[in-house]
Structures are given as structure tokens and as C-alpha cells.
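Note sheet for the following structure.
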Amino acid sequence: MTLDRIWNGWRADYVGAASDAAATPVTSTTASVFTQILESDLSDEDAFIVHRSTLCFAILNAFPYASGHVLVLPYREVAQLEDLTPAESLDLWATVTQATQALRESHRPHALNVGINLGAAAGGSIAQHLHVHVVPRWNGDANFMTSVASARTIPEPLPLTASKVREAWPKGTI
1 MTLDRIWNGW RADYVGAASD AAATPVTSTT ASVFTQILES DLSDEDAFIV
51 HRSTLCFAIL NAFPYASGHV LVLPYREVAQ LEDLTPAESL DLWATVTQAT
101 QALRESHRPH ALNVGINLGA AAGGSIAQHL HVHVVPRWNG DANFMTSVAS
151 ARTIPEPLPL TASKVREAWP KGTI
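Residue numbers for the sequence shown follow the UniProt record's numbering, so the first one is 1 and each next one is one higher.
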């Protein structure tokens, strides 16, 4: 099978204009949903926060791609990796590593996806608050529901997932 390429040079002006617009920082006066959760009176159990470290926390994705989909993020609302302090960066990646360990123990996936969408154009639905996705994956876990019905099937309720991940979270430091 070969891949056909269709060149449409006329789009260069559009892409360039979009790049210029994206270079202008978007300022929001509304706190991210993550900051709102942290500032709420919800318990960690009710908010599905599965771990807290010194500068970061891990929370279940309310709209998971798969059971066990965890988000790791700093308490401080920043949009870009370079906005993190050195201490936040170290804590973020240590917490991501712990999340992978917890998910391997709690859900026994065949593999994991770990990724960040920096900016709305990259797929970041909450681009103002940097967060790392840690998603368990299994061989054959893609199903037709997403393609034909715009729906995902998640076999486990969030409270059970949270309980399993909290129990499996590594104790102590890495």
C-alpha cells in the first residue's frame, strides 16, 4: 500500500496566519477545571484524586479513553513545560513514573500511553493547565463503538478505578 500525498500550497497562508494567532498568549480569567476542583470542598475520594505529592497530584480523567486513565499535573496552573519550576518538573515526572507503576499493578495493562497535549491545536482540551495523560492499553482494546457511535465503552466505574489505583500507588519515594 502506498500513501498518496496531495499538495495544497494555497493552505500555507492559512497555516501561517493560524501560527501567528497561536503565538499570542490566550489569557483566561477563569480557573481551569483542575484548579476549581482543588479549590472546592470536595474530598479526594469525591474528586477522584488518587495521589498527592508535594507539588503535583494525580486525578482520574472524568472522560477516560480507557479504565484507569490518570492525569498528572502540578497544583500550580501553568500551560507549558517551560513554565514549571525545576522542583515542579522533577515532582511531575516522578509522579508520572509512580502513576505508571500504580496502573501496571492495579489494571495489568499490556502497555501504557504517556503523553501531553501542549496547546489547544495539539488536542489540549484544558490547555491552560498542563497535564500528563497516563492511559493503560490492552491488545485489542479499540472497538467499533468509537467509530460508529461516537461513544466509548468503559467497563469499570470511576470509584472502583480510583480505589484500585490508590491501593496500588507505590509507597515511599522512587
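Heads up, the beta-carbon is just placed ideally off N, CA and C, and yes, glycines get one too.
Query	Result
Contact check, residue 117 vs residue 137, beta carbons under 7 Å	no
Where residue 51 falls, given that 16 or more other Cβ within 10 Å makes a residue buried	buried
Rounded Cβ spacing between residue 31 and residue 79 (contact assumed at less than 8 Å)	Not a contact, Cβ separation roughly 13 Å.
Beta strand (DSSP E) runs wholly inside the UniProt domain "HIT" (33 to 144), at least 3 long, in chain order	49 to 52, 56 to 60, 70 to 74, 111 to 115, 132 to 137
From 169, 35, 162, residue whose alpha carbon lies closest to that of residue 68	162
Span separating the alpha-carbon of residue 24 from that of residue 77	Any answer about residue 24 is weak, because its pLDDT of 45 lies below 50 and its placement is not dependable; what the coordinates show is given next. If I take the Cα positions, the gap works out to 18 Å.
Close Cβ partners of residue 100 (< 8 Å) along its chain, the five nearest in sequence each way excluded	112, 114, 134
Buried or exposed (CB count within 10 angstroms, at least 16 for buried), residue 88	buried
Which of helix, strand or coil DSSP assigns to residue 30	coil
Own chain, CB closer than 6 Å to residue 165, minus 5 neighbours either side, in chain order	50, 102, 106
Residue 110 classed as buried or exposed, judged by whether at least 16 other C-beta atoms fall within 10 angstroms	exposed
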